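Counting in the UniProt record's numbering, the sequence shown runs from 1 upward without gaps.
Step one of this worksheet: look at the structure below.
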Amino acid sequence: MPEVQKADQWPEGGTGVEGGFALARANDLFISTYNMGRSPQLWEEPDVFDPQRWDRPFDNPNVKGWAGYDPAKRTGTGKMKPEGGLWVANLEIASDHAMIPFGAGERKCVGDQFALLEAAVSVVMLLRRFEFDLEMPDGPVNPAKLDPDNPDKSIGTVGMVSAATIHTATGLFCRVKERFPGRTDLPPRQDPNLQAPEPEGPALGEPALVP
Numbered sequence: 001m002p003e004v005q006k007a008d009q010w011p012e013g014g015t016g017v018e019g020g021f022a023l024a025r026a027n028d029l030f031i032s033t034y035n036m037g038r039s040p041q042l043w044e045e046p047d048v049f050d051p052q053r054w055d056r057p058f059d060n061p062n063v064k065g066w067a068g069y070d071p072a073k074r075t076g077t078g079k080m081k082p083e084g085g086l087w088v089a090n091l092e093i094a095s096d097h098a099m100i101p102f103g104a105g106e107r108k109c110v111g112d113q114f115a116l117l118e119a120a121v122s123v124v125m126l127l128r129r130f131e132f133d134l135e136m137p138d139g140p141v142n143p144a145k146l147d148p149d150n151p152d153k154s155i156g157t158v159g160m161v162s163a164a165t166i167h168t169a170t171g172l173f174c175r176v177k178e179r180f181p182g183r184t185d186l187p188p189r190q191d192p193n194l195q196a197p198e199p200e201g202p203a204l205g206e207p208a209l210v211p
């Protein structure tokens, strides 16, 4: 069985990398995933909320050596292994490493699927019962970063601090309102493609007959 984690292989350092940047031995090199995810060279209108972008191929011949984004590779079709997987499982491959929220290669995060599933379930459960309005108590954290021509107001309004991961500068303050005040018995959502079983007893909101 191969080792789970191999010893770090440090280069000699000082020899530089392609592009002319010299790196000293044992120095850390961080990749700005925030800037990569918002680069118009890598994504079409990156600041626009467009979930359907993941279904459209995109490339840019001006980015030397980049193969572009190929949605066919996210599901394991084409030259990928036939069993494929969730689109997030190989997004770094489909985008030729333009989107690496969990890294890539041997050091890719081993908990990426769990983290995404956990986030999706949490968001769905919260949004089903509550409405959230952003309300920063002291106003925009960095007003100078508010660009009227940029629909993405996250940096100026909330502020971002980049380290190993990206954090908000002072926290994320929201005013929370119940979507169904006083209701604690919300029924589970039913898939319209599945036949729901007939409910037993009185429907929600109807008084029950107690002998």
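Where a beta carbon is used, it is the ideal one built from N, C-alpha and C, also for glycine.
Keep in mind that this is a model prediction, so the values were computed, not measured.
Going by beta carbons, D147 and G156 fall inside the 9 Å limit.
The stretch 21-28 and the stretch 157-171 do not touch, with fewer than three beta-carbon pairs separated by less than 8 Å. Within the same chain, Cβ atoms closer than 8 Å to the Cβ of N60 are found at Q41, L42, W66 and G68, the five residues on either side in sequence being excluded. Here DSSP, grouped into helix, strand and coil, assigns D149 to coil. In the DSSP assignment, D133 is bridged to R175. Along the stretch 27-78, the alpha helix (DSSP H) occurs as fully enclosed runs of 4 or more residues at 33-37, listed in sequence order. In this structure, the straight-line span from the alpha carbon of F173 to that of G182 is close to 23 Å.
With fewer than 16 other Cβ atoms from the protein chains shown falling within 10 Å of its own Cβ, S162 counts as exposed. Taken through DSSP and simplified to helix, strand or coil, V161 comes out as strand. Look at I93 here: in three-state DSSP terms it is helix.
For I166, the three-state secondary structure derived from DSSP is strand. Taking a contact as a CB-CB distance under 8 Å, the pair F130 and E178 counts as one, their CB atoms being some 6 Å apart.
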